[in-house]
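Quick mapping for you: the protein sequence lines, in order, are chains Z and C. Heads up, the first sequence is in my numbering, so the first residue is 74 and it goes up one at a time. Heads up, the second sequence is in my numbering, so the first residue is 577 and it goes up one at a time. Data first, discussion second: the structure below is written as structure tokens.
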Amino acid sequence: MDLKTLTWLLEGLLERTPGTRHALVLSRDGLKLCHSPGLGTDSADHLAAIAAGVQSLAHSASVEFGDGRGGVRQAMAEFYGGLLFIVEAGHGTHLAVITDSEAEPGLVGHNMNELVEQMGEYLTTPPRAGAETA
Amino acid sequence: MHSTTSEPAHVNEPVAPLAAGTEQALKIAVVGGFGVGKTTMVRSVSEIRPLTTEETMSQAGAGVDDNNGVEGKRTTTVAFDFGRITLDETSVLYLFGAPGQERFWFLWDRLFTGALGAVVLVDTRRLQDCFYAIDRLEAQGTPFVVAHNDFGETEHSLEDVRAALDLDPDIPLIRCDARERASAKKVLIELVHHVRFLITKGAR
């Protein structure tokens, strides 16, 4: 995986989306793969774990209450001082973005999905080597 | 699409409706190290389709998530497991299984909030993995029992395990097979007895 290109793409997302602060790509089991430079290593680790948990619970909500197509289009949390957006970003990964409270959710979501398309094949995290496939 | 989150076997099982007379909802946390069998225990004992948040372990976790001894493990819990079991006409246990790895420990505070007690699962091949759970439960004064999830290496007696964990003699230690509903249920019953014992002891 070309980390430099990915980081550059994440920076581009932050630049063209007003109010965004951090962007992070994580594996579905909660580990950071790459992130924007302004996010410290500890915060990146923490955000990766949080985002994996949120996405997994959102997936359970979609199984229980969705129309059966499965999958999560976007998970979002709004807190004092900011918002957290998470979208699926290709096999085995998620893209998480932290914004301040003035960000426009529609635009953030749109730009995140656009970025996911650009990232395409960069983003796959293969299952752990040696593990049997289901 | 995810493929790991729900066990098809549970989907077709009849859902046990909550009895109308239920008065007591008791919350139990299931904790322990990575890969010790917490999700398995909640799954095997729950009477409703359990909520599980298992995700495929990724290559990014090699070197972070130590699967030594459980090399066949493919998925890991990233939020929590949830299940329910009715004890009698009035009491129902709500089970919350915690994720094992350090990066998810921040979730434990919320899982412990309001918990009647906890089950600590241990694997004798990786005993040290449960130290954090035991330390934390002792520090916050949450009643708990310790269950040795038997992976088939029974050369260690329960006395050995107790000594290795430096466990207080008052704390129940039992052996179980987390895959077996009856066995997992016995662990929960042991915990309820232990909590009752602590309450009566405190009342004296």
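Where a beta carbon is used, it is the ideal one built from N, C-alpha and C, also for glycine.
If residue i sits next to residue j, beta carbons under 8 Å apart, how far is it from one beta carbon to the other, in whole angstroms?
i	j	result
Z:L104	Z:A131	So it is not a contact: roughly 18 Å between Cβ atoms.
C:T666	C:G597	6 Å
Z:V170	Z:F158	5 Å
Z:L101	Z:T166	Contrary to the premise, residue 101 of chain Z reads as Arg rather than Leu in this sequence. The Cβ separation is near 7 Å, so the contact holds.
C:V763	C:V737	Their Cβ separation, rounded to whole angstroms, is 14 Å, which puts C:V763 and C:V737 out of contact at 8 Å.
C:K614	C:D641	Contact flag wrong, Cβ pair sits at about 14 Å.
Tell me which same chain residues have a C-beta within less than 8 Å of the C-beta of residue i, skipping the five on either side of it?
i	result
C:Q716	F688
Z:T80	C107, H108, S109 and P110
Z:V136	G143
C:G778	none
C:I661	V621, S622, E623, V668, L669, L671, K761 and L764
Z:A150	V127, L156 and L157
Quick one: Cα of residue i to Cα of residue j, how far?
i	j	result
Z:P199	C:L743	41 Å
C:D746	C:H724	16 Å
C:P590	Z:L86	Because C:P590 carries a pLDDT of 47, less than 50, the predicted location of this residue cannot be relied on, and the following value inherits that uncertainty. Taking the straight line joining both Cα atoms gives about 47 Å.
C:V771	C:V698	20 Å
Z:H119	Z:G126	11 Å
C:N643	C:T651	11 Å
C:L703	C:C752	15 Å
C:G639	C:A674	21 Å
C:G572	C:G728	One cannot answer for residue 572 of chain C here, as it falls past the ends of chain C, which runs 577 to 780.
C:V618	Z:V98	30 Å
C:C706	Z:G139	37 Å
C:M633	Z:R201	6 Å
C:R701	C:I710	17 Å
C:V606	C:T628	13 Å
Within its chain, find whatever has a CB closer than 6 Å to the CB of residue i; leave out the 5 residues flanking it on each side and keep chain order.
i	result
Z:L83	A96 and S109
C:G690	K603
Z:L112	H95
C:L713	A694 and F720
Figure out for me which residue from the options has the closest Cα to the Cα of residue i.
i	options	result
C:R679	C:Y708, C:D699, C:D664 and C:A694	C:Y708
C:G767	C:L663, C:T700, C:S733 and C:A595	The sequence as given places Leu at residue 767 of chain C; Gly does not occur at that position. Of the listed residues, the one whose Cα sits closest to C:L767 is C:L663.
Z:T93	Z:G141, Z:L180, Z:R201 and Z:T166	Z:L180
C:V646	C:E735, C:E731, C:L594 and C:V612	C:V612
Z:A162	Z:P178, Z:A124, Z:E190 and Z:T114	Z:E190
Z:G41	Z:V160, Z:G141 and Z:A176	A query on residue 41 of chain Z cannot be resolved here, the shown segment of chain Z reaching from 74 to 207 and no further.
C:Q815	C:K649, C:L741 and C:P748	Outside the modelled stretch of chain C, which goes from 577 to 780, sits residue 815 of chain C, for which no answer is possible.
Drop a sphere of 10 angstroms on the beta-carbon of residue i, count the other beta-carbons inside from all chains shown, and report buried for 16 or more, exposed for fewer.
i	result
C:T776	exposed
Z:F152	exposed
C:F773	exposed
Z:L76	exposed
Z:Q128	buried
C:R686	exposed
C:T653	buried
C:P626	buried
C:S579	Caution is warranted here: a pLDDT of 41 is assigned to C:S579, below 50, making its placement in the model unreliable, and the coordinate value is therefore given only provisionally. Exposed, by the Cβ-count rule.
Any C-beta of chain A sitting closer than 8 Å to the C-beta of residue i?
i	result
C:A636	In the structure shown, chain A does not exist; the protein chains are Z and C.
Between which residues of its own chain and residue i is the CB-CB distance below 7 Å, once the five residues before and five after are set aside?
i	result
Z:G182	Q147 and F158
C:S759	C752 and D753
Z:E187	none
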